[in-house]
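If you use the working numbering, the sequence shown closes out at 147, no skipped numbers anywhere.
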Amino acid sequence: MQIRVFQPADETAVIGLWNDCGLIRPTNDPKKDIIRKSKVNPELFLVGEVGGKIVASVMAGYEGHRGWVNYVSVNPQCRRQGYGRKILAEVERLLRLRGCPKINLQVRATNHEAVKFYESLGFKVDEVISMGKRLEKDSVQPSNR
Ligand SMILES: CC(C)(COP(=O)(O)OP(=O)(O)OC[C@H]1O[C@@H](n2cnc3c(N)ncnc32)[C@H](O)[C@@H]1OP(=O)(O)O)[C@@H](O)C(=O)NCCC(=O)NCCS
3 MQIRVFQPAD ETAVIGLWND CGLIRPTNDP KKDIIRKSKV NPELFLVGEV
53 GGKIVASVMA GYEGHRGWVN YVSVNPQCRR QGYGRKILAE VERLLRLRGC
103 PKINLQVRAT NHEAVKFYES LGFKVDEVIS MGKRLEKDSV QPSNR
């Protein structure tokens, strides 16, 4: 798998991947998420390609205190081949280069496969509650990530 920075021409393929991975929620418009990401740390939005097809993604950011990862996905047909581990390792490398001391992420408690995946990469559960506040006027469910 070749890892590279997301390009605008990847939009359809990446949204298709997120759909296939169950990552698209009614309250998160993936096109808007991509447009916003193009303005903040676009170099931390990575895709993985195999044979010219996008099979993995991670959208990361660093705000000067913590690194964050979102939209971690691997095509269902390509799982358990180390692609998730590889793309996370690359984004971790890029965050370290920027001086980032810790990565945080949010994962639904019911997403046991993803929790196992992150644990295998050295992530641990932080005993915190995750809170959020929607700033967009058209948001529907304040609790949705
Ligand atoms: C989570 C996800 C990215 C993992 O991708 P992947 O390429 O299959 O992961 P890897 O092959 O790199 O797995 C690395 C290790 O993680 C663990 N792991 C991965 N998937 C697992 C699963 N379904 N069950 C248990 N452990 C798992 C294993 O320890 C694995 O090593 P091993 O295969 O040598 O045992 C993928 O399952 C996915 O896209 N899920 C749907 C989207 C999602 O939930 N994303 C996270 C949102 S927070």
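Cβ atoms here follow ideal geometry from the backbone N, Cα and C, with glycine treated the same way.
{"Asked": "N- and C-terminal bounds of the alpha helix (DSSP H) containing Arg-87", "Found": "85-99"}
{"Asked": "heavy atom of ligand 1 below 8 Å from Glu-115 C-beta", "Found": "yes"}
{"Asked": "For Val-7 and Val-57, the rounded distance between their alpha carbons", "Found": "13 Å"}
{"Asked": "Residue span of the beta strand (DSSP E) that contains Ser-59, given as start and end", "Found": "55-64"}
{"Asked": "Proximity test, Arg-81 beta-carbon vs ligand 1 heavy atom, cut-off 8 Å", "Found": "yes"}
{"Asked": "Chain-order list of residues whose beta-carbon lies under 7 Å from that of Ile-36 (same chain, five-residue window excluded)", "Found": "Glu-13"}
{"Asked": "Straight-line Cα distance separating Glu-121 from Asp-128", "Found": "12 Å"}
{"Asked": "Gln-4 to Ile-131 span [Cα, whole Å]", "Found": "36 Å"}
{"Asked": "Per DSSP, the bridge partner or partners of Asn-106", "Found": "Trp-70"}
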